[in-house]
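Numbering (our numbering), first residue to last: 1 to 263.
First the structure, in the form of structure tokens, and then the observations on it.
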Ligand SMILES: Nc1ncnc2c1ncn2[C@@H]1O[C@H](COP(=O)(O)OP(=O)(O)O)[C@@H](O)[C@H]1O
Ligand SMILES: [Mg+2]
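And the structure:
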């Protein structure tokens, strides 16, 4: 009996080993795919809500700007956020970059809960991974176009910050405006400096608020091409708030937002 058992055990052993190996293989595969899935979502938003106290004295109800928004964006994806004026697009983009804090909900960048970090932690994460183009540009008035573009690269200690800034400004057609201060530039030129500043450090994620809003058709098209070249050349994830139908159509996915809700 014992011999039989042993014999059976011996006979079963290779099968058992195979089963364990196969299970381990499956587990390894699962772990592998989990890891892939985990790292694929470069940006994840969970039940994000932003409300502010009403400034209307007759109304004590808080003003809900964003209402329970959830979505996930994969590495190298191109996503447009579209919707009417006042629907919450800029507020959402600011929260994705941790420039503003939500009333509730979470934002993860590369699986890091950004609101679990303090201000300094978020600033450091932004410097390492994000480029942000503000709707109002937010160039530093005391710095030239070249210096504005160099600054984020110098903060993270990038080599060749000046040469990279020159190259990028050339790509946005501003090689003749390097020494101009923001007040000496047109709205469209300031916007191109803001775009150059955001993408010069080759961020993993580029968030841009109406990046073609102040550009004429020709420079608008050049800028769009540039953003998508960045996506193709470096796998940069693009999240673009836009009213521009052509720009939205070029994105792989369009998130439609209305009155603070994702449709
Ligand atoms: N700090 C704030 N305090 C009060 N209301 C705000 C604040 N920021 C934005 N809002 C309001 O939230 C809504 C969404 O604004 P915003 O995100 O700028 O919209 P969009 O970019 O889609 O035009 C608007 O109605 C705006 O007036
Ligand atoms: Mg806006």
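Backbone N, C-alpha and C define an ideal beta-carbon position, used for all residues, glycine too.
Predicted model only: the values in this text are computed from it and were never measured.
Residue i - DSSP class collapsed to helix/strand/coil
i           : result
residue 103 : coil
residue 45  : strand
residue 144 : coil
residue 125 : helix
residue 115 : helix
residue 270 : Lying before the first or after the last residue shown, residue 270 is absent from the chain, which here runs from 1 to 263.
residue 55  : coil
residue 37  : Any reading at residue 37 must be qualified, since the residue scores a pLDDT of 45, below 50, and its modelled position is unreliable; the value itself is stated next. Reduced to three states, the DSSP call for residue 37 is helix.
residue 110 : coil
residue 256 : strand
Range covered by the beta strand (DSSP E) that runs through residue i
i           : result
residue 192 : Not the beta strand (DSSP E): residue 192 falls in the alpha helix (DSSP H), residues 187–199.
residue 231 : Here residue 231 belongs to no beta strand (DSSP E); instead the alpha helix (DSSP H) covers 217–234.
residue 246 : No beta strand (DSSP E) contains residue 246, which is instead part of the alpha helix (DSSP H) from 245–250.
residue 260 : It is not in any beta strand (DSSP E) - residue 260 carries neither H nor E in the DSSP assignment.
residue 136 : Residue 136 -> no beta strand (DSSP E), and no H or E assigned at all.
residue 78  : 78–82
residue 85  : Careful: residue 85 lies outside any beta strand (DSSP E) and carries neither H nor E.
residue 74  : 63–74
residue 206 : 205–209
Buried versus exposed call for residue i [16 or more other C-beta atoms within 10 Å across all chains shown]
i           : result
residue 53  : exposed
residue 260 : buried
residue 212 : buried
residue 82  : buried
residue 80  : buried
residue 217 : exposed
residue 92  : buried
residue 23  : For residue 23, the pLDDT reaches just 39, beneath the cut-off of 50, and the residue's location in the model is therefore unreliable, although a value from the coordinates is still provided. Residue 23 is exposed by the Cβ-count criterion.
residue 225 : exposed
residue 209 : buried
residue 175 : exposed
residue 59  : exposed
Residues near residue i in its chain [Cβ-Cβ closer than 8 Å; skip 5 each side]
i           : result
residue 125 : 98, 109, 112, 114, 117
residue 49  : 64, 66, 67, 68, 69, 102, 103, 104, 105
residue 262 : 69, 70, 71, 255, 256
Continuous alpha helix (DSSP H) stretch holding residue i: start and end
i           : result
residue 166 : 161–171
residue 96  : 89–96
6 Å CB neighbourhood of residue i in its chain, flanking five on each side removed
i           : result
residue 127 : 155, 156
Close beta carbons around residue i, own chain, < 7 Å, minus the five adjacent residues each side
i           : result
residue 51  : 62, 63, 64, 65, 103
residue 181 : 141, 144
residue 177 : 145, 185, 189
residue 187 : 214
residue 95  : 48, 50, 102, 107
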